[in-house]
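These notes concern the structure reproduced below.
In the working numbering, the protein residues as written are 87 to 1011.
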């Protein structure tokens, strides 16, 4: 919906854009620009004003850091060529110091890289060259660091409305308009500010109709937070409510901890004098998504208007898809009920098409479908009239056809204007000259038109068929997309009955031999006689159609934006990201009673302030695990201020009660043992499912490759690549690839499906392993998959086998941010059947850390192995170690050469490395 017109968000929030515009390029690249203003965000707050203001400096700094990072990578940014610029003077009423322009993109550009399509919220850089580095944006004549903000898209006229940080020179505007040897002007995409602008509006209290009542609940520690009200949660009424929820979730196979969490949260709506905040603690593999879906399903069944949020589009779609599957199993009538559920967001960014099942509940599709149903009432009434008064309908049609016959004079005039004739010939002269010919042609025309007038039988059957097909399409759309509040179930059940009756009527009539009124044949019966004979069936059909006409009425809406608002107002369960919930702050919007935030521990607290301000909100439920990774924060200054901390984590630190989901269904017991002890104080238990013998799967021979092992690689050597972006360990990378090769060979032998995940905390190591894996030319088979990602990239994921490359290998025992407990927890809990950890025992054990605990635990359990115990692995490590030594010896003389020889040195070294390793293996299929 965002690309259809000028952005519908309020004009507020643009003051953040103005702040960005006020920065010089030097300011953006200065990591200390905001350091003196950014203070650590406290644990408790005295007022909502203090609370909201505490996040603003960090938001500004994070925006600067994000922009700085993207400017440094501007050579890789997508771009487009601008074909025109016009000053938009109608924008003068907006309180901004910036200039509004309308630009057009040159879509005929032959540049294969110039495929950028600007979107609302994009921050773009204007330049007359394609920059290779950020320095190319400095000291450009007349366009020194010129940026803009995409404010709206006008698709109807192919114009993009932008705010500009400075004015465009008249000469370039004129040159682009004239198209004559115009200079090139490019727009490079830097970042999208939409989320930050929405957070800014929430922090600045600029959300329309916002309420701060729920916000006050999170300011201070409250020992009663999370506890049910004793006044309302006792006695017979509470027991009835609990029974009602338990009946709803009975078929969902929840364990006891999951049931208790759902019942506690849903029954909180019994309390009408106290707003509640509930926390559900979902450690890895404990069925968190299943619990959230059951919770939302219960609220939907109880008709509690609910907003379900998550930090990312992927998380939103995952829980929405799970909920829809639950709903699908309980629907009484095909897809009736989906109209109460809506998912919304940017379609291209959400990639909703990858979740085909969600098309029926996605807002953009729903709007388009409902707008197509504007003719529903007319089509229904037309069908009723056709069946009830067939002769009158036919007579009306016949009169219209006959009235459409042109008179001789009209026919002749048309001939005069259509046919070629001498310019000096007037109409009267033409008619006199061609009178005989025209009269003959006119008689032929009349005869042809009258012969084409349908008989009553033809007319009726054609109308019946076309109207039935149209009604069928309308009915399918309406019972899927209209909310249940507008269509009673009894009426929905009449739709297929009415369609069956219409089909039956059509079939009965098509089998009869009708009287041919055109030639006077008396053989057979007329359509009226046949309808009379089928009067009982007709009347039954009419009763159903009249009932549908009287009870189902569509809103009289033709505008996309208004239809979208209608759908959001009518839905009982809404899915979107937390930032996108700003669209629910609209005049006349139906209040939301429940807010459910999934993956709440990954959502920055400042972002959660958006849905927390929804008017009418009484109950908030946060689901997450603060012991896993928090939200990503790029700026070191913001990290130190704890800008990435979630509301979930802060409330836990204040002693807020959590409902623990205590049964894990993912990991083999030997894998879950250490993280359960290290991170969850042994509060988790393994489900019977993972304790079964069949869950103990072996993919390679030897104890080293049992379900859980630490593989000590003593000869590893860590290295900081050029550019200084993280560490890598090529010996460990070689060991990983040798294990993958062994797994591939085993797959060829057994054909058993297996998914493998390779995790490293350092991106440099991820890239190194990815490059080597690519060279291995692995078998192309959907049953054998290998995924190499960072720890952050694996959050929420799981694979059959997980191989962790810890990278660090030094004599000083330095392990850097490898010691981050949240990051380690994620890495250690992704595997189903096997977890193999590669690392240097001495480095990881030299200082007190969780990795020292892990190594000692592995030794105590007999899960510690030296890589040399596997001959193939030992050989791969030895070869890689030798290669590193040779490369070091080969490169050392070049270190003394001048900088001019550097590129040649690198090329030679790379060639040497490739020749030593040999050619890539031929793929085996």
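Using N, Cα and C, we set each Cβ at its ideal position, and we do this for glycine too.
| query | result |
| --- | --- |
| Quickly, what does DSSP pair residue 749 with across the bridge? List them, please. | 771 |
| Can you grab the Cα-Cα spacing for the pair residue 845 / residue 662, in whole Å? | 30 angstroms |
| Just confirm the distance between the C-beta atoms of residue 280 and residue 207, as a whole number of angstroms; I'd bet it's less than 8 angstroms. | 3 angstroms |
| Quick check on the DSSP output: what are the complete beta strand (DSSP E) runs of length 3 or more inside the region 895–973, in order along the chain? | 917–925 and 950–952 |
| Kindly list the residues whose CB is nearer than 8 angstroms to the CB of residue 786, restricted to its own chain and excluding five residues on each side of it in sequence; keep chain order. | 825, 828, 829 and 832 |
| With distances taken from CA atoms, which of 920, 858, 859 and 861 is nearest residue 888? | 920 |
| Taking Cβ positions, are residue 592 and residue 550 nearer each other than 7 angstroms? | yes |
| Suppose you measure from the CA of residue 665 to the CA of residue 235; what does that come to, to the nearest Å? | 19 angstroms |
| Here's a check: name, in chain order, each residue in its chain whose Cβ is nearer than 6 angstroms to the Cβ of residue 327, leaving out the five neighbours to either side. | 353 and 356 |
| Within the continuous alpha helix (DSSP H) that includes residue 187, where are the two ends? | No alpha helix (DSSP H) contains residue 187, which is instead part of the beta strand (DSSP E) from 185–191. |
| Quick one, are the C-beta atoms of residue 428 and residue 444 less than 7 angstroms apart? | no |
| In chain order, what residues of the same chain lie with their CB nearer than 8 angstroms to the CB of residue 590, ignoring the 5 residues before and after it? | 623 |
| Can you give the beta carbon distance from residue 686 to residue 733, rounded, assuming they're within the 8 angstroms contact cut? | 7 angstroms |
| Give me the residue from 400, 642, 288 and 300 with the minimum Cα distance to residue 360. | 300 |
| Would residue 131 and residue 289 qualify as a contact pair, given that the criterion is a beta-carbon distance under 7 angstroms? | no |
| Within the region 331–380, note down every full beta strand (DSSP E) run reaching 3 residues or more, in order along the chain. | 362–367 |
| Bridge partners of residue 875, per DSSP? | 845 |
| On the three-state DSSP scale, how would you describe residue 762? | helix |
| Going by DSSP in three states, residue 603 sits in which element: helix, strand or coil? | For residue 603, the predicted structure reports a pLDDT of 43, less than 50, and the residue's modelled location is therefore unreliable. A value from the coordinates is still provided. Of the three classes helix, strand and coil, the one that applies to residue 603 here is coil, per DSSP. |
| On a Cα-Cα basis, can you pick out the residue from 202, 172, 193 and 128 that is closest to residue 163? | 202 |
| For residue 806, count the other beta carbons within 10 Å of its own beta carbon; 16 or more makes it buried, fewer makes it exposed. Which is it? | exposed |
| Can you tell me whether DSSP reads residue 608 as helix, strand or coil? | A caution first: residue 608 carries a pLDDT of 45, below 50, which makes its placement in the model unreliable, though a value can still be read off. Here residue 608 sits in coil by DSSP. |
| In chain order, what residues of the same chain lie with their CB nearer than 7 angstroms to the CB of residue 341, ignoring the 5 residues before and after it? | 749 |
| From this set, 969, 190, 426 and 283, which residue's C-alpha is nearest residue 244's C-alpha? | 190 |
| Since residue 567 is in the alpha helix (DSSP H), which residue starts that stretch and which ends it? | 542–567 |
| Beta-carbon separation of residue 276 and residue 379 under 7 angstroms? | no |
| Using only the alpha-carbon positions, how far apart do residue 145 and residue 307 sit? | 24 angstroms |
| Three or more C-beta pairs closer than 8 angstroms, one from the region 417–425 and one from the region 701–711: is that the case here? | no |
| Can you tell me whether residue 721 is buried or exposed? The criterion is at least 16 other CB atoms within 10 Å of its CB, across all chains shown. | buried |
| By Cβ distance, which residues of its chain are closer than 7 angstroms to residue 375, with the 5 residues on each side in sequence left out? | 404, 405 and 408 |
| Tell me the DSSP bridge mates of residue 207? | In the DSSP output, where bridge partners are listed per residue, residue 207 has none listed. |
| Looking at C-alpha atoms only, which residue of 109, 731 and 219 is the closest neighbour of residue 129? | 731 |
| Okay, do the region 906–915 and the region 713–720 touch, 3+ Cβ pairs below 8 angstroms being the bar? | yes |
| Output needed for residue 223: all residues of its chain with C-beta closer than 8 angstroms, excluding positions within five of it in sequence on either side, in chain order. | 111, 157, 160, 211, 213, 217, 230 and 231 |
| For residue 847, does the count of other Cβ atoms within 10 angstroms reach 16, so buried, or fall short, so exposed? | buried |
| Which residues share a DSSP beta bridge with residue 398? | Note: residue 398 sits in no beta bridge, so no partner. |
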